[in-house]
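Numbering (my numbering), first residue to last: 23 to 501.
Cβ atoms here follow ideal geometry from the backbone N, Cα and C, with glycine treated the same way.
These numbers come from a predicted model, not from an experiment.
Please read the structure below before turning to the comments.
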C-alpha cells in the first residue's frame with residue numbers, strides 16, 4: 023500500500039431544490055414479458071430521471087410491460103423544478119447544531135402497509151448499522167457514526183436514536199408513485215405519519231432533537247422498508263432524498279398542514295430518507311446512500327450533474343471519487359469515500375496548507391492515515407476560506423484503503439473548486455454540463471462523470487506532472 027506521494031514544485035509566479043441521491047450508475051438487467059432480457063441504465067435523480075439502453079437511446083416500459091425505445095436521450099429542463107424545491111442550505115451546518123457537539127438525531131424505521139422490513143433487518147441490526155463501533159454486515163467497513171467520526175477527526179460524532187419499525191397506513195405506491203413531473207407524489211406524508219406513529223407507539227420525545235432551540239426538530243431520518251427507486255426499485259417506490267415539509271406542502275407533496283406537523287410543541291420540517299434494501303441486490307443497503315443524504319442535512323449540495331443535460335460520460339463531475347456524487351454506491355454502498363479536503367474545510371474539520379508557503383518538495387501522507395495533510399493552491403499564494411468566491415485547487419493523496427478501498431484508483435487527486443454561494447445554495451454546483459464548479463482534474467484531461475483509475479497522478483497512464491494555478495507539479499510518484 024502506498025502511504026505517501028512525493029512531488030516537486032516550481033512556481034511560475036516566483037517573482038510575485040430537493041437534494042437527492044443520484045441514480046445507481048451500473049447497468050441493470052430487466053426481463054421482458056416474453057422472457058428476453060434487456061440491459062438498461064437509470065440516469066438522474068428524484069427531480070428528473072430516465073432510462074437508456076446500451077445504444078444510449080431512451081427507453082420506457084409500455085402498458086404491456088415491454089421496454090421500448092422512445093427516442094434520443096432527452097435534455098430535460100430540470101433546473102426550474104429543482105430551484106423551486108431546493109431549500110436554503112449553505113449555512114445549514116448551524117441548523118443541526120455546532121458540528122463538534124455530537125447532536126442526537128432521530129431515525130425512524132417505517133414499514134408500508136404492503137411492504138415490511140425483512141426479519142433479519144431488525145431494529146437491533148439497524149441500530150448497529152447506524153451506531154456500532156464495529157459494523158461489518160455484508161463486508162461493511164463501519165457504521166454511519168464511524169463514518170462521520172472518521173471524516174471529522176472525532177470533532178463530529180453523531181448519536182442516532184433508532185426506533186421502529188412503525189407501520190404507515192398506506193401502501194408504498196401512495197407515497198412513492200411518480201406524478202406527472204416524475205416526482206414522488208407524497209413523500210411528505212410518509213414523514214409526518216412516521217413521526218406521529220413514533221410518538222404514539224415508541225413514546226419518542228421530540229424535544230431531544232431541537233439542538234439549537236429554534237422551535238423546529240433539527241431533522242428526522244426515515245429508513246423505509248423495501249427498495250428505493252434510485253437503484254432499481256419500481257417507479258412506485260420512494261426515491262431517497264433530502265427535503266423539507268414546508269416546501270413539500272407548498273408544492274403538493276405533503277397533505278398535512280403546518281399545525282398537523284407539530285409534535286411535542288416542535289415543528290417537523292427538515293428530513294431525509296432512504297431505503298432498507300439495495301434495489302440492485304435486494305440485500306440490506308450499505309450506509310453510502312444514508313451518508314449522502316445526511317451530508318445534505320449537514321449542508322453539502324449534490325455534486326453530480328443536477329441539470330441532467332448530459333449523460334454520465336459527458337458531465338465531468340467527480341463521479342465515484344465523492345460521496346455527494348455517485349461515490350455512495352462504492353463497494354455496494356458499504357464504502358462511501360472519504361470527504362474531500364474541501365468538504366472537510368467547509369465544515370471546519372481540517373484546514374489545508376496553502377502551497378505558496380511550503381518547500382519545493384512534498385511528501386503527502388494518504389487521507390485516512392496518521393498526519394494526513396492536504397494543500398490548497400491558488401494564484402494569491404495565501405490560504406483562502408473554503409467559501410471564497412474564486413477558483414481554487416486542492417491536492418491530496420487518496421489510496422485504496424479504509425473508506426477509500428473501492429475508489430476507482432489511487433494517487434494524487436487534484437480538486438477544482440469554484441465556489442459560488444448561489445450555486446451551492448440552489449444545489450447547482452455542477453448543473454451546467456461540461457462546466458463543473460466542483461470536480462476532479464483528471465490526469466488524462468478527459469474527465470467523465472464516473473471516475474476512473476486514470477484520473478489520479480501518476481495513475482494508470484503514469485502522468486507524473488501537472489500545472490495547477492501557476493504551480494508546476496513534477497516528478498509525482500507514489501512510494
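Same chain, Cβ closer than 7 Å to residue i, five either side skipped, listed in chain order
| i | result |
| --- | --- |
| residue 350 | 43, 310, 311, 313, 314 and 358 |
| residue 364 | 408, 416, 437 and 439 |
| residue 115 | For residue 115, the pLDDT reaches just 36, beneath the cut-off of 50, and the residue's location in the model is therefore unreliable, leaving the point undetermined. |
| residue 223 | 188 |
| residue 143 | 298 and 306 |
| residue 454 | 329 |
| residue 201 | 207 |
Minimum C-alpha distance to residue i - residue among the options
| i | options | result |
| --- | --- | --- |
| residue 320 | 241, 258, 405 and 202 | 241 |
| residue 371 | 175, 466 and 88 | 175 |
| residue 188 | 179, 197 and 217 | 217 |
| residue 169 | 426, 443 and 485 | 426 |
| residue 267 | 243, 194, 344 and 369 | 243 |
| residue 484 | 432, 165 and 404 | 432 |
| residue 465 | 490, 443, 442 and 444 | 490 |
| residue 441 | 196, 414 and 130 | 414 |
| residue 205 | 293, 177 and 258 | 258 |
| residue 369 | 51, 160 and 177 | 177 |
| residue 400 | 180, 421, 207 and 375 | 375 |
| residue 161 | 449, 323 and 305 | 305 |
| residue 237 | 132, 90, 291 and 318 | 291 |
| residue 193 | 406, 134 and 443 | 134 |
| residue 234 | 202, 386, 147 and 125 | 125 |
| residue 328 | 293, 449 and 383 | 449 |
| residue 180 | 317, 221 and 74 | 317 |
| residue 294 | 435, 207, 139 and 130 | 130 |
| residue 147 | 166, 136 and 137 | 166 |
| residue 577 | 202, 51, 208 and 411 | No answer is possible for residue 577: the residues shown for the chain start at 23 and end at 501. |
| residue 296 | 61, 398, 269 and 198 | 198 |
| residue 140 | 186, 163, 434 and 384 | 186 |
| residue 460 | 323, 373, 423 and 478 | 323 |
| residue 136 | 200, 247, 280 and 283 | 247 |
| residue 391 | 424, 383, 373 and 232 | 424 |
| residue 373 | 395, 384 and 202 | 395 |
Assumed close pair residue i, residue j - CB separation to whole angstroms, cut-off 8 Å
| i | j | result |
| --- | --- | --- |
| residue 499 | residue 480 | 6 Å |
| residue 437 | residue 416 | 4 Å |
| residue 367 | residue 347 | Not confirmed; about 18 Å, so no contact. |
| residue 403 | residue 378 | 3 Å |
| residue 128 | residue 183 | 5 Å |
| residue 443 | residue 410 | About 10 Å; that fails the 8 Å criterion. |
| residue 478 | residue 434 | 6 Å |
Neighbourhood of residue i by C-beta, 6 Å cutoff - its chain only, sequence neighbours within 5 removed
| i | result |
| --- | --- |
| residue 458 | 338, 339 and 452 |
| residue 430 | 342, 473, 474 and 475 |
| residue 255 | 249 and 301 |
| residue 361 | 173 |
| residue 228 | 239, 285, 286 and 288 |
| residue 34 | Bear in mind that the predicted position of residue 34 carries a pLDDT of just 38, short of 50, making it unreliable; the figure below should be weighed with that in mind. Here the set comprises 492. |
| residue 106 | Bear in mind that a pLDDT of 43 at residue 106, under 50, signals an unreliable position, so the number given afterwards is only what the model happens to contain. Within the same chain, residue 106 has no close Cβ partners at all. |
| residue 389 | 360, 418 and 420 |
| residue 482 | 475 and 476 |
| residue 422 | 429 and 432 |
| residue 149 | 184 |
| residue 463 | 436 and 438 |
| residue 353 | 428 |
Cβ shell of residue i (< 8 Å), same chain only, five flanking positions each side left out
| i | result |
| --- | --- |
| residue 355 | 300, 307, 308, 309, 310 and 311 |
| residue 99 | With a pLDDT of 45 at residue 99, under the threshold of 50, the predicted position of this residue should be treated as unreliable, though the coordinate-derived value follows. So the list is empty, once near-sequence residues are dropped. |
| residue 38 | Model confidence at residue 38 stands at a pLDDT of 28, short of 50, so the residue's coordinates are unreliable and nothing is read from them. |
| residue 113 | Low per-residue confidence applies at residue 113: pLDDT is 36, beneath 50, and the placement is therefore not dependable, though the value from the model is reported in the following sentence. Counting only Cβ-Cβ distances below 8 Å, and skipping sequence neighbours, we find 321. |
| residue 393 | 387 |
| residue 220 | 128, 130, 185, 186, 188 and 226 |
| residue 145 | 131, 184, 185, 186 and 187 |
So, do the stretch 138-158 and the stretch 197-214 have three or more beta carbon pairs nearer to each other than 8 Å? no
Completely contained beta strand (DSSP E) runs for the stretch 355-413, where each covers 3 or more residues: 383-387 and 397-399
What runs of the alpha helix (DSSP H), each 4 residues or longer, lie entirely inside the stretch 163-217? 166-174 and 194-198
Segment contact flag, the stretch 271-280 with the stretch 255-263, C-beta cutoff 8 Å, min 3 pairs: no
With a cut-off of 8 Å, do at least 3 Cβ pairs link the stretch 250-258 to the stretch 297-306? yes
Give the list of continuous alpha helix (DSSP H) stretches no shorter than 4 residues that lie fully inside the stretch 411-451. 443-447
Please go through the stretch 265-332 and give each complete alpha helix (DSSP H) segment of 4 or more residues, from N-terminal end onward. 267-272 and 310-320
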